[in-house]
Structures are given as structure tokens and as C-alpha cells.
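With our numbering applied, the sequence shown covers 64 to 720.
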Amino acid sequence: MARLGECGRASRALTMVFLYMKLALATAVVLAPGWLLARTFGVRSVSASLAWALVVVFCALAATFALGSTLTLALVLLAAIALGVAALGLFRGWSQAAKAPGRMWALFWGAIVGVLLWIAAPSVQGDGLFHLARARKLLDLDALSLDRVSEFADGSLHPGYAFPLWHGFLALIAKVAGEDPERVVVHLPSILAPLAVVVAFEAGWALFRRTWAAGVTAAAQVAMISFAPGMGGAYVFLSLPATSSRQLLVPAALALALESVRSPSLGLVASTAAAGFALAVVHPTYAIFLWIPFVGFLAVRALWERKDLQTGAMALGALFVPAALFMLWLRPIVDDTRSVSPDADELRRAFEQYRGQLVVHSDTSYNLAPEVFTRAGAVAVAALLLIPLAGFAARRRWSAYVVGGSLAVFAVLLIPILFTGVADLVSISQARRAAGFLPFAFAFAGGMGVLARVVGPLLLPLALGAGMFFQIVYPGDFEYILKDPAPAWIVWISVAGAVAALVIGFVRRRPALEKGAALAAAAFLAPVIGGGLLDWNPPDPPAIATLSPGLVDAVRESVAPGTIVFSDTETSFRLAASAPVYIAVAPPGHVADTEENRPYERARDARSFARTGDLSIPASYGAEFVVVDRLRSRQELDLPVVFEDERFTLYRLTSPA
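Spelled out as C-alpha cells, the structure:
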């Protein structure tokens with residue numbers, strides 16, 4: 064028996080290794096056209112390769128939707144573009160462009176993080192089900208269009224994901240790998256984590272031009288986002304568009320924009336535009352939020368040094384113009400969403416949902432609670448306290464980004480009139496996320512460099528002690544509703560310090576106080592990373608949050624793709640993620656609140672059906688099948704039974720054709 068157990072474990076390990084290799088190869092295949100395009104433009108960076116790859120995927124998907132074809136056409140177009148660009152490169156010759164030194168070390172440590180994420184990978188839940196459902200429809204349905212991938216057959220486009228670029232990226236990887244998209248969503252973060260670390264490194268290199276500072280920037284970002292929350296943090300969700308856009312596309316766009324400011328070229332500016340466009344398509348609000356600190360950076364840089372005006376304006380234009388053009392196309396869809404420019408009822412719902420994260424003065428005046436800035440734990444608190452030190456390096460670009468970017472983000476989120484305006488534009492739900500665009504990692508790396516110059520060798524033990532102290536006292540508050548974040552006075556000290564740093568930058572014209580501080584930064588981060596590793600295994604989902612394998616198999620075998628299935632909100636949500644079917648209802652919090660979607664009305668209909676069993680309700684939605692979950696409803700329907708187990712029953716509502 065022991066030998067059989069060992070053989071079973073070895074077999075599972077080999078299966079996981081094989082899956083890892085397949086996902087890595089499939090990701091490389093999908094990214095290859097972007098890598099070739101970046102080389103053609105003379106830019107050698109992961110940031111540029113990622114940006115151009117998503118632009119190519121966008122073009123392939125757009126053609127597929129226009130022709131009403133399948134994902135196979137998109138894959139063929141990707142291959143054709145790759146071959147064409149490769150032929151052009153061989154004919155013209157590849158440009159010899161510089162790349163960030165030390166990038167391979169970042170890739171190596173990112174791969175280590177990726178392996179750890181494989182262990183921490185949770186099952187698909189929550190928003191992941193929403194995105195998995197879209198990727199599955201792209202993979203399995205024919206006659207694809209923008210409307211075809213929605214959860215409802217009669218619904219409207221989602222304002223945040225109207226063009227399913229990231230879902231198409233996931234579906235293409237699943238198709239190339241020959242794997243179910245659920246396995247892609249669960250384990251692709253292990254493949255994307257090295258890319259996330261490298262683009263953070265490239266952003267640090269573009270700003271600091273110091274290898275140690277670029278490494279500290281990447282390490283601080285990973286420690287704050289992945290290790291501080293435990294269980295892999297947000298990195299286990301790198302396969303979802305919100306996380307991938309924040310941890311991959313934002314630093315990639317920023318790295319390219321900063322390089323364009325420093326040494327502009329046609330290739331860099333074009334790559335910046337590609338990154339800005341890809342970010343706007345994948346997650347439009349994050350493109351807007353990126354502009355805020357970048358404008359602050361350019362303003363402070365101009366005030367302090369009278370430099371980077373032309374190149375900065377060019378880089379900002381590259382970030383802004385393509386994204387703005389996409390948002391113009393998106394605007395009618397956004398205007399149909401109730402959470403944008405909300406009425407009194409929607410405001411009250413948001414105030415209740417995000418209590419603790421908002422300071423509400425009235426229905427027309429509210430701002431973000433300062434504690435939101437401290438919720439990410441020890442690294443965030445240290446970064447906030449280190450922001451004032453940027454004033455002692457005012458002649459350096461990183462200082463201008465830390466001071467200008469921080470002041471811009473603080474102003475927009477903490478001043479009621481500005482925050483209310485942003486919330487009306489993008490919704491309260493999205494506006495509060497702009498706090499993550501404060502330059503925490505840059506402030507941490509730069510501040511440690513200033514301290515290394517001032518404190519000298521004593522910084523190493525002091526940093527270790529501070530890291531342990533902060534991790535114990537301010538470990539972070541990562542729950543949906545804030546319970547015990549670090550105190551608000553830390554943020555107000557940071558705000559006052561940023562203003563003081565702005566003044567110091569005018570007065571102090573001497574060379575920057577700065578010195579390498581990689582070891583000290585590592586000493587501070589070690590307790591954060593160690594604490595995260597102690598809480599690494601994901602929890603098992605509750606039984607009620609799963610579907611039985613028998614039901615999933617029955618739906619896939621007996622229900623034709625594109626058919627409407629009616630059930631309660633939670634079961635419906637999981638059915639859409641498990642099979643390429645449409646549903647009639649879903650949890651309202653996971654559905655765009657538009658006139659056509661009517662999420663709350665649909666949920667009421669589902670509750671009414673659970674009480675009454677009135678078959679006219681699913682029939683009104685065009686449903687051909689009904690699923691009853693006996694943990695949620697005791698209804699026994701007088702309909703043909705397609706499948707039944709101890710929990711679920713799948714009924715046929717209409718006769719088969």
C-alpha cells in the first residue's frame with residue numbers, strides 16, 4: 064500500500080510538471096508575436112513584448128468578431144502575424160536595443176514565486192467564475208461576437224470588460240495547451256508571476272537606473288501584494304483581468320513611459336501607446352488611475368528641474384490618446400450603468416457596502432478613508448513614512464515620481480470634491496482602488512537609499528528590527544470590510560511629509576543623498592515574506608460553493624453550447640463557468656447593473672421560482688433546462704429528469720428538437 068501511495072504521488076507530481084510545461088509553452092506561443100513586434104520596434108523588454116502581444120490578440124479577436132468566426136481563426140491570425148513580423152525582421156535585421164541589466168535574476172526569483180503560487184492556487188470562486196465563463200464561451204462557442212460571451216443571452220456588455228481581450232488571452236492559452244480553461248485560470252498565475260516580477264523590475268530600472276533599486280522595487284511589490292496577505296495574496300489571481308492589469312500591465316506601461324521620458328524613440332513611444340491601449344481595454348479605470356501619478360510626476364519634475372517637459376508630454380500622450388479613443392467607444396456602455404453617476408439609492412447601497420473605506424460628509428461629498436492606504440501592511444506603512452525622504456534626492460527622477468505621484472493620488476482620493484467627481488465618473492467601487500496607485504514600491508526603494516546614505520552600516524540591523532516590528536504591529540487588513548488597518552495618522556504624516564519634500568526640493572539644490580541599500584531592504588522584507596509563507600495553503604471552498612462532478616458532466620454532455628439554463632443565482636453562476644451555456648440569473652454583485660441586465664430583478668425572479676416552482680419564470684427567459692439545488696430549494700418539478708444525484712437535479716424544460 065505504501066508503494067502504491069508513493070507511485071500515486073509521483074504520478075500526480077509528473078502530471079503537475081507536465082501541466083506547468085504545457086502552460087508555459089502555450090503562454091510563450093501567444094506572447095511570441097508581441098515579442099517579435101517589440102524587437103522590430105527596437106525595444107527589448109518584457110513590458111514591450113507583453114503590450115504588443117495583447118495588441119495583436121486584440122486585432123485577431125476583433126477580426127474574429129467581425130467575421131463571426133471561432134477562436135481557431137484568431138489563433139491562425141496570430142500565427143500569420145508572427146510569421147509576417149519574423150520575415151520582416153529577418154529581411155531588415157533586428158535592432159540592437161539595450162535591456163535592463165539584472166533582468167534574468169528578476170526572472171529567476173519570479174519563477175520561484177511562481178512555483179510557490181502553484182501550491183497556494185485556490186479553486187475558482189467569486190469574480191473568477193465570471194471571467195472563467197467568458198473564457199470558456201470564447202473557447203467553445205462558434206459565431207463569436209462581443210455579445211456572445213456575456214453571461215446572459217439577452218443581457219448587455221459589461222462596461223469593464225466590453226471587449227474580452229484578457230478572456231481571449233486565456234482562451235488562446237487554453238486552446239494551444241489543450242487544457243480546460245478552469246485549469247488555466249487556476250494555474251496560469253504560476254507562469255505569469257515571473258513576468259510580473261520582471262515588469263516591476265523594468266519599471267524600477269526605468270525610474271532609478273540602479274540595479275539594486277530596481278530589484279528592491281520588484282521585491283517590495285511582491286512582498287506587499289503576494290506575501291503580506293498570506294496564501295499568495297493577489298498573485299494567485301494573476302489570471303484574472305483586474306489583478307493582471309494592476310500587476311502586469313500597469314508596471315509595463317509605466318516602465319515604457321518612463322523610458323520614453325528618459326530617452327524617447329519611435330519604438331518606445333509606440334510601445335508605450337500599445338501598453339496604454341492594452342491596459343484601457345483590459346481594465347479601463349486602471350488606465351485612468353495610472354495617469355494621476357504620472358501627471359503629478361511630470362508636474363513636480365518640471366517645477367524642480369525644468370526638465371522632461373517635451374518628452375514627458377509625449378509619453379503622457381502615448382498613454383492617454385489610444386486609451387481615450389477606446390473609452391470613447393466604451394462611453395455609451397458606461398452611461399447605461401447605474402453605479403456611474405449614481406442616484407440616491409445606489410449611493411446608499413455603496414455607502415453601506417464600502418463602510419469603513421469611505422468618509423461620508425453628505426450624498427454629494429465624500430472621500431476615501433485614509434486607512435485604506437495602510438491596509439496593505441508593513442511595506443505600505445514603511446513606504447508612507449519614507450515618502451518625505453524623497454525631498455533629499457530632488458534632482459533624481461524617482462524623487463519627482465514619489466513626491467508628485469503621491470501628492471496627486473492623495474489629493475484626488477482625500478479631497479472630497481475631487482474624489483466625488485472621480486467616483487461619479489468611474490463608480491465608488493472603482494474609485495477606491497486608485498489608492499493602490501500610490502508609488503509604494505518606489506517610495507520604499509528610494510527612501511531606503513536615502514537612509515543608507517544618512518545612517519550608514521547601522522541601517523541593516525535597524526531595517527531588520529523595523530521589519531519585524533511593523534509586521535507584528537501592522538500586518539495588514541486584507542478583509543473586504545476594514546477591521547484593523549494601521550492608523551490614519553500615518554497617512555497624514557505622509558501627506559505633510561510629501562508637501563515638505565516638495566518645498567525641500569525647491570530649496571535644496573545639492574546632489575541627491577543616495578546609496579545602495581539592497582541588503583537593508585531585504586532585511587526589512589524578510590519578516591513580511593516569512594510571515595506570508597507561514598500562511599500559504601489555500602482554504603477548501605465550502606461544499607455549498609461547488610457543483611457535483613456528475614452535474615457538470617451532465618450539463619456538458621446533454622446541454623448544447625449556447626443554451627439557456629435556469630437555476631438559483633449561485634448555482635447559475637457556477638454553471639456558466641463550468642460549461643459554455645447562458646444563464647438567466649447571477650449574483651447581483653457580479654453583474655453590471657444595466658437596464659438590460661437587471662441583476663436585482665433577475666435575482667427576485669430566481670427567489671420567486673424557488674418558492675413557487677412557477678415554470679413561466681424560466682420560460683420567460685428562454686430557458687431550455689432547469690437545475691434545482693436541494694440545499695437551496697425543495698422544489699420537485701413535473702419535468703423530464705436528465706440527471707439527478709443527492710443534491711442536484713437537471714430538468715429539461717422543453718422537448719428536444
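Positions of the beta carbon are idealized from the N, C-alpha and C atoms, including for glycine.
Counting every other CB atom within 10 Å of its CB across the protein chains shown gives Asp656 a total of 16 or more, marking it as buried. Contact between the region 202-212 and the region 297-306 is not established, with fewer than three Cβ pairs separated by less than 8 Å.
The Cβ atoms of Leu202 and Pro244 lie closer than 8 Å to each other. A direct Cα-Cα distance of roughly 14 Å separates Ile355 from Ala378.
Gly105 is the residue among Gly105, Trp172, Val176 and Arg199 whose C-alpha sits nearest the C-alpha of Arg155. Note on geometry: alpha-carbon atoms of Arg246 and Trp229 lie some 16 Å from one another. Within a 10 Å sphere around the beta-carbon of Gly241 sit fewer than 16 other beta-carbons, which makes this residue exposed.
Here His221 carries a coil assignment [DSSP, helix/strand/coil].
By the Cβ criterion, the region 675-682 is not in contact with the region 222-236, since fewer than three pairs of Cβ atoms, one from each stretch, lie closer than 8 Å. DSSP places Asp487 inside the alpha helix (DSSP H), whose first and last residues are Pro479 to Val489. Beyond the five residues adjoining it in sequence on each side, Ala551 comes within less than 7 Å, by CB distance, of Pro433 and Glu434 in the same chain, given in chain order. The criterion of a C-beta distance shorter than 8 Å is not satisfied by Leu713 and Glu687. It is roughly 45 Å from the alpha-carbon of Val518 to the alpha-carbon of Leu94. In the structure shown, Leu501 adopts coil according to DSSP, grouped into three states. Comparing alpha-carbon positions, the option among Asn660, Ser112 and Pro96 lying closest to Asp217 turns out to be Asn660. Phe171 counts as exposed, since fewer than 16 other C-beta atoms from the protein chains shown sit within 10 angstroms of its C-beta.
Cβ-Cβ separation between Leu331 and Leu353: approximately 17 Å, too far for a contact (criterion under 8 Å). Taking a cut-off of 8 Å on C-beta distances, the region 595-610 touches the region 172-186, as three or more cross pairs fall below it.
When the beta-carbon positions are compared, Val644 and Pro662 stay at least 8 Å from each other.
Every beta strand (DSSP E) stretch that sits fully inside the region 389-428 and reaches 3 residues is listed by chain position as 421-425. Around the Cβ of Gly593, a 10 Å sphere holds fewer than 16 other Cβ atoms; the residue is exposed. The three-state secondary structure of Asp692, taken from DSSP, is strand. In the DSSP assignment, Tyr663 falls within the unbroken alpha helix (DSSP H) covering Pro662 to Thr675. Taken in chain order, the unbroken stretches of alpha helix (DSSP H) that lie wholly in the region 108-147 and span 4 residues or more are 109-130.
CA-to-CA, the gap between Ala589 and Ala225 works out to about 41 Å. Annotation: Thr657 is outside any beta strand (DSSP E) and is labelled neither H nor E by DSSP.
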